[in-house]
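All residue numbers for the sequence shown refer to the working numbering, where the first residue is 9 and numbers rise by one.
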Amino acid sequence: GELRGKVRWVGPEGNQAIEFGVAPEPGSMVIAQSWDDVLDGDFTLEAWIKPSHYHLGSILGFIGEFDWKDGRNKHGVLLEVGGTALPSSIHQPERIRFLHRPTLGVVGGVSCFSDVSYQPRCWQHIVGVRKGDEILLYVDGKLAAAEKDPTRMTLGLQLVLGQLYTETVERFFIGHIDEVAIYDR
């Protein structure tokens, strides 16, 4: 992947995590290779996260190309932490969100919100699964949310970690991310 902005490596040598949200230029990682073989069917996304506090921040997302006229990327899949704002269709305070949006856009799709709050300054294991028409979210090994969506993903997406868009800094994750894994099952 390509690192953009400022990031830090934290932890002992040989077992480091990446720290996102470093001021004044919160960084990200963009991996622009093809993910079609992963997203064309069942898939699993997993990561260990250690958010610094309650905030609205993107852990990882599969997104389309940046639209310079609109000033953003359109999303297909997103794992993010929610802040403390009032609940809405895209935000639940202190919850993990797993978005499955087969038709790329900035609205619509199916969101799974964890039934438990995430914990600041603590390591947590987050897993988003697409299995058949089920959209499942696990937090620390326990099923935290489930929804249905029979629609298959749009292909041709790139992966971004640590913020919402590839070219502008928005909804950046502040904290540590480690052991990101993506499976085609």
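Ideal Cβ positions, reconstructed from N, Cα and C, are used throughout, including at glycine.
Distance from Phe-28 to Gly-183 at the Cβ level is roughly 7 Å; contact confirmed, criterion being Cβ atoms closer than 8 Å.
For Asp-44, the enclosing alpha helix (DSSP H) starts and ends at 44 to 47.
In the three-state reduction of the DSSP assignment, Thr-176 falls in the coil class, being assigned neither a helical nor a strand state. Comparing alpha carbon positions, the residue from Leu-144, Gln-132, Gln-127 closest to Val-118 is Leu-144. Taken through DSSP and simplified to helix, strand or coil, Gly-19 comes out as coil. The count of Cβ pairs closer than 8 Å, one atom from the stretch 143 to 161 and one from the stretch 9 to 18, stays below three, leaving the stretches out of contact. If you look at Val-137, you'll find it in the beta strand (DSSP E) that goes 132 to 139.
In the three-state reduction of the DSSP assignment, Ala-40 falls in the coil class, being assigned neither a helical nor a strand state. Annotation: His-63 to Gly-9 spans about 25 Å, alpha carbon to alpha carbon.
In the DSSP assignment, His-108 falls within the unbroken beta strand (DSSP E) covering 104 to 113. Taking all protein chains shown into account, Thr-92 has fewer than 16 neighbouring C-beta atoms within 10 Å of its C-beta and is therefore exposed.
The beta carbons of Gln-24 and Val-30 sit about 15 Å from each other, so the pair does not count as a contact at 8 Å. Assigned with DSSP and collapsed to three states, Trp-56 falls in strand. With a 10 Å radius around the Cβ and a threshold of 16 neighbouring Cβ atoms, Glu-33 comes out exposed. Shown here, Gly-164 sits in coil according to DSSP, grouped into three states, outside any helix or strand. Under the three-state reduction of DSSP, Ile-190 is assigned to strand. Following the DSSP letters along the chain, one finds Lys-156 inside the beta strand (DSSP E) bounded by residues 150 to 156.
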